[in-house]
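Below is one structure, written out as structure tokens, with a few remarks after it.
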Amino acid sequence: MAPTQLPAWSALAAHRDTSGSVHLRDLFAADPERGSALQFEAAGLMVDHAKQRITAETLALLTDLAEEADVAARRDAMFAGEHINVTEDRAVLHVALRMPKGRSLIVDGDDVVAQVHEVLDRMAAFARKVRSGQWAGQTGEPIKAVVNIGIGGSDLGPRMAYRALRPFADRDLKVRFVSNVDGTEFVEAVRDLDPATTLFVVSSKTFTTLETLTNATTARDWLLGGLGGDESAIAKHFVAVSTNAEKVSAFGIDTDNMFGFWDWVGGRYSMDSAIGLSLMLAIGPEKFAELLAGFHEMDEHFRTAPAEENLPLLAGLIGIWNSNFLGADTLAVLPYADDLGDLPAYLQQLDMESNGKHVDLAGRRVETDTGPIVWGQPGTNGQHAFYQLIHQGTRLIPCDFLGACQPLRDVGRHHDLLMANLFAQTEALAFGKTADEPARSFDGNRPTTTILVDRLEPKTLGAIIAYYEHKVFTQGAIWGIDSFDQWGVELGKVLAQQIIPELEGQEAPVLAHDSSTNALIARYRAARGR
Ligand code: F6P
1 MAPTQLPAWS ALAAHRDTSG SVHLRDLFAA DPERGSALQF EAAGLMVDHA
51 KQRITAETLA LLTDLAEEAD VAARRDAMFA GEHINVTEDR AVLHVALRMP
101 KGRSLIVDGD DVVAQVHEVL DRMAAFARKV RSGQWAGQTG EPIKAVVNIG
151 IGGSDLGPRM AYRALRPFAD RDLKVRFVSN VDGTEFVEAV RDLDPATTLF
201 VVSSKTFTTL ETLTNATTAR DWLLGGLGGD ESAIAKHFVA VSTNAEKVSA
251 FGIDTDNMFG FWDWVGGRYS MDSAIGLSLM LAIGPEKFAE LLAGFHEMDE
301 HFRTAPAEEN LPLLAGLIGI WNSNFLGADT LAVLPYADDL GDLPAYLQQL
351 DMESNGKHVD LAGRRVETDT GPIVWGQPGT NGQHAFYQLI HQGTRLIPCD
401 FLGACQPLRD VGRHHDLLMA NLFAQTEALA FGKTADEPAR SFDGNRPTTT
451 ILVDRLEPKT LGAIIAYYEH KVFTQGAIWG IDSFDQWGVE LGKVLAQQII
501 PELEGQEAPV LAHDSSTNAL IARYRAARGR
């Protein structure tokens, strides 16, 4: 049934019409306990929804909606390994990637937890060899630089987590990420590296992705060019992370040097699988295990906590309130932690590739807006760029503010200044300011959630990511869409394959695109002298 047909949906619409425009100033004035009443804690996260435009009644109606939409049944189906990714007929089991050793989960006849730990143990053994210098490159020298080659889910997770967890990393090991098919990224990533001491981790679930295979081929040429051309160097300088052993082998990487995962791990849900290998090389197996423990703690909370206290569930529901009832189109993710600087980009894929869908599970066109446009960048930089529009523009932009109480590098007054800005922004957005001059007045009533952790460490990062994964899951379950496929990325890939020979060929091609695309291709060819 479409969510709009559920009784709670109509009740929420009526509730919005009667009290949806009540100002946060009045909500706070009416309830002196509001600040603490709308704070929720689990797995090391404190999530403060007090500055969302909600009341106890809104939350009650939203949890009714979750019940009527049977989010719990869908969640249980995911945890049980049912094929909830219907268009690809796959289980969705990223939660198994962080289940502790010894636990068992039989899916389609296999104990997936045992499989996960077998790979984790191989990754740990490999990481220890590389980190200790025992793994020698072609010239016998130890590895001093790791370059992860991957894109989308095979890049954004390890890239984001490496930046977030640099204080826990071996800083003598250079770690770089190459994703873009723009050759600039590869050239810049390796310009100060020595092939003799560089290890490439080629990460691709399918091992067919144009960008990754192009970069991996360029990396192989760079390596062999620098090491005299002996192909035996590949085994010492290339490892692969993939579900596709055949393609890995066809590329020339020995499958002994391959770390596998499974079709039940979606790309954007894979940073805690072998896709995290470059991160594990940087922070070591023990810290990687702590990261997994943080994910798992949030998974268990999501699986077992009652709706009224369930952090990801409530976050998903409040997002639906903002999007479908208050009319917000976007969500700004604003980390007040430079370490989380790549979190907005990571969440863009997680949320927008998951819930950017226009049909429901039965293939019918949805009747409501689905996933929001996710964007953002770290505070305080954003304050001097786009916050003006959030404060005084005409659009409603809900924001997630994230911060850590304890800094990992305590430099002078910096951390207090940083966090003072976070708290000030949420206060200003909620309460605004009346002034005589219209240009100087702030309406306020702009909804925000603040997420605080004590310290940004592997465990809390894991909990933050799992929180967002399950938030996105909750929203997909309410909208009744498949959050785990991504057909929308296919058309552009197919068209690019057609256009590549039209750009590269020496003979003028017969162009059969629309007149705009034809003209662009012709212009490009002329500029390239073709
Ligand atoms: O952008 C589409 C996509 O399929 C993502 O879902 C995925 O994370 C990315 O490409 C990379 O895919 P692969 O890991 O197979 O190279």
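Note that UniProt numbering gives residue 508 to position 508 of the sequence shown, counting from 1, and the numbers run on in steps of one.
From the three backbone atoms N, C-alpha and C, an ideal C-beta is built for every residue, glycine too.
A quick note: this is a predicted structure, and the numbers were derived from the prediction, not measured.
Asked: Buried or exposed (CB count within 10 angstroms, at least 16 for buried), Cys405; Found: exposed
Asked: Residue(s) in a DSSP beta bridge with Pro142; Found: Ala136
Asked: Beta-carbon contacts of Glu502 that lie in its chain and below 7 Å, excluding the five residues immediately before and after; Found: Pro509, Leu511, Ile521
Asked: 4 or more residues per run - each alpha helix (DSSP H) lying fully within the segment 255–330; Found: 277–304, 311–320
Asked: Segment limits, alpha helix (DSSP H) that includes Phe431; Found: 414–431
Asked: Helix, strand or coil at Val130 according to DSSP, with G and I counted as helix; Found: helix
Asked: Beta-carbon proximity of Leu292 to Ala305, cut-off 9 Å; Found: no
Asked: Minimum length 4: unbroken alpha helix (DSSP H) runs contained in the segment 39–86; Found: 56–68, 71–79
Asked: Heavy atom of the ligand F6P within 8 Å of Glu353 beta-carbon; Found: yes
Asked: Span of the beta strand (DSSP E), counted from its first residue to its last, around Leu402; Found: 399–406
Asked: Val489 beta carbon near the ligand F6P (any heavy atom closer than 8 Å); Found: yes
Asked: C-beta contact flag for Phe259 and Ala216 at 9 Å; Found: no
Asked: Ile151 beta carbon near the ligand F6P (any heavy atom closer than 8 Å); Found: yes
Asked: The ligand F6P heavy atom lying under 8 Å from the CB of Lys236; Found: no
Asked: Touch test, the segment 440–456 against the segment 478–494, Cβ-Cβ under 8 Å, three pairs minimum; Found: no
Asked: Residue 533 versus Thr218: straight-line alpha-carbon distance, rounded; Found: Here the chain has residues from 1 to 530 only, and residue 533 is not among them.
Asked: Straight-line gap, Leu173 to Ile234 (C-alpha atoms, nearest Å); Found: 20 Å
Asked: Beta-carbon proximity list for Lys144, same chain, < 6 Å, skipping 5 on both sides; Found: Thr197
Asked: Neighbourhood of Lys101 by C-beta distance below 6 Å, restricted to the same chain and skipping five residues each side; Found: His117
Asked: Beta strand (DSSP E) segment containing Ala240, residue limits; Found: 238–242
Asked: Simplified DSSP state of Thr184, which is helix, strand or coil; Found: helix
Asked: Any non-hydrogen atom of the ligand F6P within 8 Å of Thr206 CB; Found: yes
Asked: Closest Cα partner of His397 within the set Pro447, Thr380, Val146, Asp436; Found: The question names His, yet the displayed sequence has Ile at residue 397. Ranking Pro447, Thr380, Val146, Asp436 by Cα distance to Ile397 puts Pro447 first.
Asked: Val248 - DSSP class collapsed to helix/strand/coil; Found: helix
Asked: Segment limits, alpha helix (DSSP H) that includes Thr214; Found: 210–226
Asked: Per-residue burial, Asn310 [other beta carbons within 10 Å of its own, 16 or more giving buried]; Found: buried
Asked: Buried or exposed (CB count within 10 angstroms, at least 16 for buried), Thr184; Found: exposed
Asked: Pick from Asp436, Ala114, Leu422, Glu88 that is closest to residue 536, judged by C-alpha positions; Found: Past the boundaries of the shown model lies residue 536; the chain is included only from 1 to 530, so the question cannot be answered.
Asked: Gln138 beta carbon less than 9 Å from that of Asp256; Found: no
Asked: Alpha helix (DSSP H) segment containing Lys493, residue limits; Found: 490–504
Asked: Alpha-carbon spacing of Ala8 relative to Leu317, whole angstroms; Found: 12 Å
Asked: Simplified DSSP assignment, three categories, for Leu334; Found: strand
Asked: Element boundaries [alpha helix (DSSP H), containing Ser203]; Found: Element bounds for Ser203: not the alpha helix (DSSP H) but the beta strand (DSSP E), 198–203.
Asked: Backbone CA spacing between Glu504 and Asp272 [nearest angstrom]; Found: 38 Å
Asked: Beta bridge counterpart(s) of Thr460 as assigned by DSSP; Found: Beta-bridge pairing links Thr460 to no other residue.
Asked: Straight-line Cα distance separating Ile500 from Arg528; Found: 14 Å
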